[in-house]
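Engineer:
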Amino acid sequence: MAYSEPVPTADTTRKHPARTAGVHPSVRPISAAEHLAFVRAQRSVSFLQTPAWGRVKTEWRSESLGWYDGPRLVGAGLVLHRPVPRLQRYTLAYLPEGPVIDWTGDIAAWLDPLAAYLKARGAFAIRLGPPVRTDVWSADQVKEGIADTGTRRLTDINAYRTDPVGARVAGWLRDAGWLPQSPEDGFGVGHPQFKYEVPLAGRTEDDLLKGMNQLWRRNIRKATKEGVEVTAGRVAGEQVTDGRGTGGQGTTRRGMTGRDADGQGVSGEDLHAFHDLYVHTAERDRFTPRPLRYFETMFAVLGAEDPERVRLYLARHRGDLVAATVMVRVGTHAVYAYGASSTEKREVRGSNACQWAMIRDALAAGCDVYDLRGITPTLDADDPHVGLVQFKVGTGGQAVRYVGEWDLPLRPLVYRTFDLYMKRRGR
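Counting in the numbering used here, the sequence shown runs without a single skipped number right up to 509 at its last residue.
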């Protein structure tokens, strides 16, 4: 389970990371197969902590580590190693949204052997992001905060739920000399501390629609009325048919070949179409797009690890591609990883159609949560980032703050040199 707070579910076949009260596990390398078997035994793990993700991040060296209680594997982590410029023998050891351990237990028993192992192998620092929540705000709280001119940030509002485990983890890291890395505005070079999530466990499609705001429901209906069709890329030969009733509010999805003949990824034509739209979106919204090769590698590697790991959604209106999204799923955690939309035909609401298709598929797959990924904590109506918050809050859901990313300098002089280098290049 990626979170400190278990989500109720009828599925009891998956386990949580082993609890190790009074036990001091040892750390050693494990094979990708051992790592993947451990991931599959958990209810939920971030896709950034799967062994395949190390093969996506080709600019980093990766390794899988395991925590052992005697002969038993009780925890696992994907470590990405980034070398220091001109000091290639030292690396930053990065565990994005990990490791997968029992964060409710004795944290020192888990992280001290990790630090010893990595320092002995040339790491000058460790960066990790505990997948542990600290605070949760409801959609109503977020909307009221945006409407209130005296409220500027999520943290100005008392969360409706706090997680004592998250507070304890953050306190322990700080006391043990770890340095917080999450920027105040919520976005930075690492992975987001603030996210927006839609709980799915125990809910139906009708429940989810009722939880959305009126604008979202209207946009989903409009996409259907305008004839928007969403295709979902899957394993070669499988057809996706949509016979489920939604009271007339669902999109139409027709099957397509989601992989090419050699099974190495979604069809090249569809991936190129997605990437062209993604580059267009990047130019319009002023962010730097990833190259096509990155997505080719991502689909090939994640799809080889699990055919249901990654899926491409394409929304078309009368033959024109109007929106596209990528969903990644590990266990019961579905993630909206990438999105793109056309500037033309915004009125047919292709983005809402793609989101609804992904939410429905995540629900059908038995997921506990649909993760829309990062938001900034701003609630200031004049902040340009608030539009993203408003779009995501329309799904119902909840805003969640995690512990964030933390660094442990193992070689302080090298760490300071690296930090200075990153600041000079704008991180």
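Quick reminder that beta carbons are idealized off the backbone N, C-alpha and C, glycines included. Keep in mind it's a predicted model, so treat the numbers as computed, not measured.
Could I get the ranges of all uninterrupted beta strand (DSSP E) runs contained in the segment 131-209, with 3 residues as the minimum, in chain order?
Structural biologist: Segments of the beta strand (DSSP E) lying fully in the segment 131-209: 143-151, 154-166 and 169-177.
Engineer: Of the residues H399, S433 and I189, which one's Cα is nearest the Cα of L297?
Structural biologist: Looking at the Cα atoms, S433 is the closest of the given residues.
Engineer: Are the CB atoms of D489 and L196 within a distance shorter than 8 Å?
Structural biologist: Not a contact, by the Cβ cut-off of 8 Å.
Engineer: Check the C-beta distance from V247 over to T186 and give it rounded, since I have them as a contact under 8 Å.
Structural biologist: 5 Å between Cβ atoms; contact.
Engineer: With a floor of 4 residues, list each alpha helix (DSSP H) that falls wholly inside the segment 423-491, ordered by position along the chain.
Structural biologist: DSSP runs (the alpha helix (DSSP H)) wholly in the segment 423-491: 432-446 and 468-475.
Engineer: Could you pull out every residue in the same chain whose Cβ sits closer than 6 Å to the Cβ of V383, ignoring the five residues on either side in sequence?
Structural biologist: Counting only Cβ-Cβ distances below 6 Å, and skipping sequence neighbours, we find A134, R137 and V138.
Engineer: With the cut-off set at 8 Å, would you say V404 and V312 are in Cβ contact?
Structural biologist: Result no, Cβ atoms of V404 and V312 do not sit closer than 8 Å.
Engineer: For the beta strand (DSSP E) that R215 lies in, which residues bound it at each end?
Structural biologist: That run of the beta strand (DSSP E) goes R215 to S220.
Engineer: In this structure, how does DSSP classify A406 when only helix, strand and coil are distinguished?
Structural biologist: Note: A406 maps to strand in three-state DSSP.
Engineer: Identify the continuous beta strand (DSSP E) that holds T313 and give its terminal residues.
Structural biologist: Its beta strand (DSSP E) spans residues E311 to A314.
Engineer: Does DSSP classify H106 as helix, strand or coil?
Structural biologist: Coil, per DSSP.
Engineer: What is the C-beta distance between L174 and A207, in whole angstroms, given that I count them as a contact (C-beta under 8 Å)?
Structural biologist: Contact holds; Cβ gap of about 5 Å.
Engineer: Please report how far the alpha carbon of T407 lies from the alpha carbon of Y360, in whole angstroms.
Structural biologist: Cα to Cα, the separation comes out at about 9 Å.
Engineer: Just the Cα atoms here: how many angstroms apart are F120 and D194?
Structural biologist: Those two C-alpha atoms are separated by around 21 Å.
Engineer: Write down the C-beta distance between E390 and R411 rounded to the nearest angstrom, noting that I regard them as a contact closer than 8 Å.
Structural biologist: With 8 Å as the limit, E390 and R411 qualify as a contact, their Cβ atoms being about 6 Å apart.
Engineer: Specify, as a first and last residue, the run of the alpha helix (DSSP H) that L282 falls within.
Structural biologist: Unbroken run through L282: none, as it is neither H nor E.
Engineer: Expressed to the nearest angstrom, what Euclidean distance is found between the alpha-carbon atoms of A422 and Q437?
Structural biologist: Distance between the alpha carbons of A422 and Q437: 11 Å.
Engineer: How big is the Cα-Cα spacing for V496 and Y172?
Structural biologist: So the two alpha carbons sit approximately 8 Å from each other.
Engineer: Please say whether P111 and L147 have beta carbons closer to each other than 8 Å?
Structural biologist: Yes, the pair counts as a contact, with Cβ atoms nearer than the cut-off.
Engineer: Rounded to whole angstroms, how far is the Cβ of G413 from the Cβ of G211, which I believe are closer than 8 Å?
Structural biologist: That pair is no contact at about 18 Å.
Engineer: Going by other Cβ atoms of all chains shown within 10 Å of its Cβ, with 16 needed for buried, is P88 buried or exposed?
Structural biologist: Reliability of the predicted coordinates at P88 is poor, the pLDDT of 35 falling under 50, and the value obtained from them is presented with this limitation in mind. Classification for P88: exposed.
Engineer: Excluding five sequence neighbours on each side, which residues of the same chain lie with their C-beta closer than 7 Å to the C-beta of I239?
Structural biologist: Within the same chain, I239 has close Cβ partners W219, Q223, G227 and T233.
Engineer: Is A241 helix, strand or coil by DSSP?
Structural biologist: Looking at A241 - three-state DSSP - the assignment turns out to be coil, as it is neither helix nor strand.
Engineer: Counting only the same chain and skipping the five closest in sequence on each side, list residues whose C-beta sits under 6 Å from that of R143.
Structural biologist: Result list for R143: H163, in chain order.
Engineer: Nearest to T458 by CA position, among V471, D464, G448 and A446, is which residue?
Structural biologist: Among V471, D464, G448 and A446, the Cα nearest to that of T458 is on V471.
Engineer: In whole angstroms, what separates the C-alpha of A386 from that of L394?
Structural biologist: Answer to the nearest angstrom: the Cα atoms are 15 Å apart.
Engineer: From this set, Y420, K505 and M409, which residue's C-alpha is nearest I441's C-alpha?
Structural biologist: Of Y420, K505 and M409, the residue nearest in Cα terms is M409.
Engineer: Looking only at its own chain, which residues have a Cβ that is under 6 Å from the Cβ of H106, when we skip the five neighbours before and after it?
Structural biologist: Result list for H106: A191, in chain order.
Engineer: What are the residues that DSSP puts in a beta bridge with P212?
Structural biologist: P212 pairs with nothing; no bridge assigned.
Engineer: Between the Cα of A439 and those of R303, T379 and L177, spot the shortest distance and give me the residue it belongs to.
Structural biologist: Cα-wise, what sits closest to A439 is R303.
Engineer: So G204 and G180 are supposed to be a Cβ contact under 8 Å. How far apart are they, rounded?
Structural biologist: Their Cβ separation, rounded to whole angstroms, is 20 Å, which puts G204 and G180 out of contact at 8 Å.
Engineer: Following the continuous beta strand (DSSP E) through R393, name the residue where it begins and the one where it ends.
Structural biologist: Taken as a continuous stretch (DSSP letters only), the beta strand (DSSP E) holding R393 covers V392 to H399.
Engineer: Nearest-angstrom Cα distance between G319 and K292?
Structural biologist: Unreliable placement is indicated for G319, whose pLDDT of 31 sits below 50; the coordinate value is still reported in the next sentence. Roughly 35 Å separates the two Cα atoms.
Engineer: If L445 sits next to E287, beta carbons under 8 Å apart, how far is it from one beta carbon to the other, in whole angstroms?
Structural biologist: Indeed, because the Cβ distance is near 7 Å, the residues count as touching under 8 Å.
Engineer: Tell me whether V412 sits in a helix, a strand or coil according to DSSP, three-state version.
Structural biologist: Strand.
Engineer: Look at the Cβ atom of T477, then the Cβ atom of L461, and state whether they are nearer than 8 Å.
Structural biologist: Against a cut-off of 8 Å, the Cβ pair of L461 and T477 comes out as no contact.
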